[in-house]
Every structure is written in structure tokens, then in C-alpha cells.
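Report on the structure given below.
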Amino acid sequence: MPDGSGKKDIKSLLPDELAAELKAMGLPGYRAGQVFRWLGRGARSFDEMSDLPKDLREKLAAAYDIPCLTMLRRQVSAKDGTEKYLWALPDGESVETVFMRYQHGNSVCISSQVGCRMGCAFCASTIGGKVRDLAPAEMLDEVIRTGLAAGAEVNSIVLMGIGEPLDNFDNVLRFLRLVNDPAGANIGMRHISLSTCGLVEAIDKLAALHLQLTLSVSLHAPDDETRSRLMPVNAAYGVDAVYAACERYFKATGRRVSYEYALVRDVNDTPRHAALLAERLRGTGSHVNLIRLNYVSERGLLPSRPETVKAFAQRLSDEGVTVTVRRRLGSDIDAACGQLRRGGMRDR
């Protein structure tokens, strides 16, 4: 991660790596545990680590950098209390993160890249393309800073913000290990959802790790013709290839796949589309999460009518497919699915 300091990013180090680094400096093993816990609490500088000797803090500060996000803007939905944060990254770029309150706990939707190169026709996050990947420390700080700013515990994480997580595979995997560590945020894998537009090789790579997170696949159409209209990635990974990868993932991990399906008026919301989707998913144990498209002014696509959403969901249910309709949280502050933007470009 570029920050101009030339120092090593200590916050992206896993506990065993941190222990090895400090051991090479001649420090006892317990010091690594102290530093790791401080980083997990959101320490912005080594000076905050009050149980470390001053000379050690100075030594660490000379060798390592602690990447931290800075809040540029906080918005709160008047409809449902959802909070959206615009965070400045150390190099001057910025991303958006969303904090959502549910009866079962609080969830943070984080970004994994600055911008996105996938080009989905309904999404604001891809406008302007991809600038760079987020470092593990930056994703971790989205969770930490958002929880601190909201004044509430984070119980679950969704990687559904700006960017394609599996296009930043190694950094995302390291972030998952950091946020899952008992000495850190200690958020269990079963409380983490990762959304992908369907990068088949990366799905197989993830499956081989046997993580117990929830894989959410942005399908948005049951056939290649419609999906190619909405998602350029379909030219590389067609519907059949995505379905097959998801079946392999389920067999490898035992975790059911959730398919995200944004309903676009007169594009992918017809009875024919519902029938095709039901035919492909019936008996697979999969779950369909229907999303009434959230409007993005530059895109010109419209959300399906409420009665169409209801009929689409009913058809899937009648065919034996598990289906839910996602609540539209934060739509009045452009915090809903597909509305997050790199740098809050319209009003920054």
C-alpha cells in the first residue's frame, strides 16, 4: 500500500509474522501479542500502546507504519438508521463503508478495492474503473473505525461494498484471517459473507481453503443473453460455468451458496426469467436473495415494480427454491446495494 513513508505495514501482518518480526528485533514473544491487540483496538500510533516501553515504541515507529482511515463524511438514513461513512485512505484515495443495525446484530459492509473494473451496468461502484486494491490493514480499519464511529459492536461483515473481493484475492484472504483471529476482532467465518460477480478460478481457489464463510454470487440473470447485457464478466465466465463453480464450492465446503439477483424492470424480471432461474436452482440447496434494483442516475435502469418482485419471488418459492427479498436499507443516502461510490464522487 503506497503511503510515501517507506515503512512496513505492521497492521497487515498476521500474528505469527508479527511475532517473527519482533523476535528478529530481539524482543520477547509476548510483545507481539500486546502490539496485535492494540492494533485490533484501533490504535493509530505506537504512542497509544501504553504497556510498551517508550524506547520500544520509538523503535517500532521508526520501522513500521500503522495505516489508518480518516473519516471524511458520515451520513445517517432518516428511514432506517443505516450509517454510511466516506473514509480517506493514507494515499488520499477514499472509499465508502456502511453500518447496518439488525435485530440479530450489527453488520458492516466494507469495500475491498478503490473502484471496480467489472463494469456491471447497474452499479455506481464501477464508474471510473478500478484505481487499486485495498490492503488488508485498510479493510480491517474499515471494520474497526466504522464500529468505533457508530459506537456499537460489529457482529458480522459483508464484503459487498466497492470492488470485487476475489479480484483482490490474496489481500482479502489475509484480511479474513486478521479479522477472524481471537486476539483481534474475533469475528467468526460464519458471520462473514463474501460477494463475487463469479470469477470461476477464484471461487475454486476459495473452495479449496474450506473456509466457513458465506459465498454470495451476483448472478442477476439465469441466461447468458440477459446476463451479458448486465455484466461484462459474463463474456469470460458464462452462466453454466458460474453454476458449476458454485456446485463445486458447495461440495467442498458444505456451505450453501447465496445468489444475489437485482431485479431490473423489463430486463431480467419476466416470468420467463423466473422460470429459468427456478429450473436451474431447484433441488440444489441454494438461496436466492432478490434485490429490487437501487437507482443509479448515470445508469438509466429502473427497479422492477413491487408487484413484479412479489410475483418473481412467489414463482421461485412455488418451484421449491428458497428465496428472500432484501430490505432496502439506506437508499435515501445512497447506501444501498449498488449505490456505493469510490470517493463519494458526486458530492465530495
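Sequential numbering of the sequence shown, starting at 16, is according to this note's numbering. Quick reminder that beta carbons are idealized off the backbone N, C-alpha and C, glycines included.
Bridge partners of H235, per DSSP?
Paired residues: none, contrary to the question.
Within 10 Å of its beta-carbon, does Y7 have 16 or more other beta-carbons around it, so buried, or fewer, so exposed?
For the chain, the structure presents residues 16 to 363; residue 7 sits outside this window and is missing.
Throw me the rounded Cβ distance for the V324 and V303 pair, which I believe falls under 8 Å.
About 12 Å; that fails the 8 Å criterion.
Provide the residue span of the alpha helix (DSSP H) that contains G162, from first to last.
P151 to A165
Tell me where the alpha helix (DSSP H) around Q329 begins and ends.
P321 to D333
List the whole-angstrom C-beta distance separating A164 from R89, where the pair is believed to meet the contact cut-off of C-beta under 8 Å.
Their Cβ separation, rounded to whole angstroms, is 7 Å, which keeps A164 and R89 in contact under 8 Å.
Please go through the same chain and pick out, in chain order, the residues whose beta-carbon is closer than 7 Å to the beta-carbon of D238, but skip the five residues on each side of it.
V254 and L291
Among residues of its own chain, excluding the 5 on either side of H112, which ones have a beta-carbon nearer than 7 Å to its beta-carbon?
A small fix is needed here, since residue 112 is Thr in this sequence, not His. Hits under 7 Å: Y100, W102, V123, C124, I125, S126, E157, T161 and G176.
Can you give the Cα-Cα distance for M64 and D148, rounded to whole angstroms?
Spanning the two alpha carbons is a distance of roughly 29 Å.
Could you tell me whether the region 136 to 151 touches the region 47 to 66, where touching means 3 or more Cβ pairs closer than 8 Å?
no
Using 7 Å as the threshold, is the C-beta distance between A222 and R263 below it?
yes
Please state whether DSSP places A350 in a helix, a strand or coil.
Residue placement at A350 cannot be trusted, given a pLDDT of 48 that sits under 50; the coordinates are not used to answer.
Considering only the beta carbon of each residue, do L308 and P318 sit closer than 7 Å?
Judged by their CB atoms, L308 and P318 are nearer to each other than the 7 Å cut-off.
Let me know if D333 comes out buried or exposed under the rule of 16 or more other beta-carbons within 10 Å of its beta-carbon.
So D333 ends up on the exposed side.
Which residues in the same chain as R297 place their Cβ atom closer than 7 Å to its Cβ, once the five residues preceding and following it in sequence are excluded?
E334, G335 and V336
In the DSSP assignment, what residue or residues form a beta bridge with W102?
M86 and V110
Can you check which of these residues, D281, A236 and L245, is closest to R295 by C-alpha distance?
A236
Between which two residues does the alpha helix (DSSP H) harbouring T268 extend?
V254 to T268
If you count every other CB in all the chains shown that lies within 10 Å of the CB of R242, and 16 or more means buried, which is it?
buried
Over what stretch of residues does the beta strand (DSSP E) that includes A34 continue unbroken?
Counting along the chain, A34 falls outside any beta strand (DSSP E), though it belongs to the alpha helix (DSSP H) covering P30 to A39.
In the DSSP assignment, what residue or residues form a beta bridge with L278?
R307
Take the Cβ of H119 as the centre, count every other Cβ of all protein chains shown within 10 Å, and call the residue buried at 16 or more, exposed below.
exposed
Tell me, to the nearest whole angstrom, how far the beta carbon of F51 is from that of L71; I am working on the premise that it is less than 8 Å.
So it is not a contact: roughly 15 Å between Cβ atoms.
Grab the span of the beta strand (DSSP E) containing G12 for me, first residue to last.
Since the displayed the chain opens at 16 and closes at 363, residue 12 lies outside it and no answer follows.
Measure the C-alpha to C-alpha separation of L234 and G96 and round it to an integer number of angstroms.
29 Å
Give the DSSP bridge partners of M115, in chain order.
Answer is S122, bridged to M115.
Do L224 and F190 count as a contact pair if the criterion is CB distance below 7 Å?
No, Cβ-Cβ distance for F190 and L224 is not below 7 Å.
Which of the three DSSP states is assigned to V146 in this structure?
strand
Excluding the 5 residues flanking N186 on each side, which residues of the same chain have their C-beta closer than 7 Å to its C-beta?
D148, L149, A150 and P151
If you draw a straight line from the alpha carbon of D174 to that of P180, how long is it in whole angstroms?
The residue asked about is misnamed: residue 174 is Leu in this sequence, not Asp. The straight-line gap from Cα to Cα measures roughly 7 Å.
Taking the straight line between their C-alpha atoms, what separation do you get for T299 and P43?
52 Å
Helix, strand or coil, according to DSSP, for P247 in the structure here?
helix
How many angstroms separate the CA atom of Q329 from the CA atom of R287?
13 Å
Express the C-alpha separation of A259 and G213 in angstroms, rounding to a whole number.
11 Å
Under 7 Å, do K145 and G134 count as touching if we go by C-beta distance?
no
So L68 and A47 are in contact, right, with Cβ under 8 Å, and what is the actual spacing, rounded?
Sequence inspection shows Pro at residue 68; the Leu mentioned does not correspond to that position. About 15 Å; that fails the 8 Å criterion.
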